[in-house]
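Position 112 (the sequence shown) corresponds to 126 in the working numbering; numbering is contiguous.
Glycine included, C-beta positions come from ideal geometry on N, C-alpha and C.
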Amino acid sequence: PRLVVISEFSIGNLTRDMSAASRKAETARWQAGLRSTLQAFSKAGVETAVIRDTPIGGSFADACVARALWWREAPSLCDTPRAQAANDGVAAQERAVVKSVPDTLYVDLTDRFCGPTECHVFIGGKLAFRDRHHLATAFAETLEEPLEKALF
Numbered sequence: 015p016r017l018v019v020i021s022e023f024s025i026g027n028l029t030r031d032m033s034a035a036s037r038k039a040e041t042a043r044w045q046a047g048l049r050s051t052l053q054a055f056s057k058a059g060v061e062t063a064v065i066r067d068t069p070i071g072g073s074f075a076d077a078c079v080a081r082a083l084w085w086r087e088a089p090s091l092c093d094t095p096r097a098q099a100a101n102d103g104v105a106a107q108e109r110a111v112v113k114s115v116p117d118t119l120y121v122d123l124t125d126r127f128c129g130p131t132e133c134h135v136f137i138g139g140k141l142a143f144r145d146r147h148h149l150a151t152a153f154a155e156t157l158e159e160p161l162e163k164a165l166f
């Protein structure tokens with residue numbers, strides 16, 4: 015193939031409850047595994063793109079929005095602070111690994127989900143998530159053009 019696209023749920027593995035020593039060891043294993051995978055593609059002459067995790071909401075978007083609308087509240091009550099949802103620290107580690115390997119690209123669409131302080135459940139009049147981190151189809155379709163521009 016000319017291009018391999020990788021996405022992963024790195025935040026899920028690196029943010030679960032564990033001791034500091036375990037987290038450090040788990041992070042090192044994850045970074046080594048990602049680097050090894052990317053290096054294998056690079057050595058084979060295959061370009062690789064790694065897509066950053068989508069933000070993780072503080073609640074299940076569909077249930078939260080339904081509840082908010084039922085109580086005649088604004089769905090924005092279901093938004094999650096960017097610092098919590100986007101986990102920029104993990105993304106920085108991932109980006110550093112990607113930048114260390116030739117012929118790799120890091121694709122970050124986080125700003126499509128999040129403003130400076132909040133990650134939103136409704137974007138452009140569409141429900142963005144169907145749960146805490148899986149994209150709703152109608153919103154996912156709006157990412158086709160920006161993703162294509164980032165990859166090609």
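Next on the checklist: I need the DSSP call for Leu161, collapsed to helix, strand or coil.
Outcome noted: Counted from its first residue, the sequence shown places residue 161 at position 147. Correct three-state label for Leu161: helix.
Checklist entry - Thinking just about the alpha-carbon of each residue, which of Cys92, Gln107, Ala106 is nearest to the one in Ala77? => result Working through the sequence shown from its first residue, we reach residue 77 at position 63. Ranking the options by Cα distance to Ala77, first place goes to Cys92.
Checklist entry - If you drop the 5 nearest sequence neighbours on each side, which residues of the same chain put their C-beta closer than 8 Å to that of Ser114? => result On the sequence shown, residue 114 is found 100 positions in, with the first residue counted as 1. Within the same chain, Ser114 has close Cβ partners Arg49.
Next on the checklist: Along the chain, where does the alpha helix (DSSP H) containing Cys46 start, and where does it finish?
Outcome noted: Here residue 46 corresponds to residue number 32 of the sequence shown, with the count starting at 1. It should be pointed out that residue 46 corresponds to Ala in this sequence rather than to Cys. Ala46 -> alpha helix (DSSP H) spans 34–57.
Item to check | Option in Ala34, Gly129, Thr151, Lys38 with minimal Cα separation from Pro95 | outcome: By one-based count along the sequence shown, residue 95 stands at place 81. If we check each option's Cα against that of Pro95, Gly129 comes out closest.
Checklist entry - So what does DSSP say about Ser114, is it helix, strand or coil? => result Taking the sequence shown and counting its residues from 1, the one referred to as residue 114 is at position 100. Correct three-state label for Ser114: coil.
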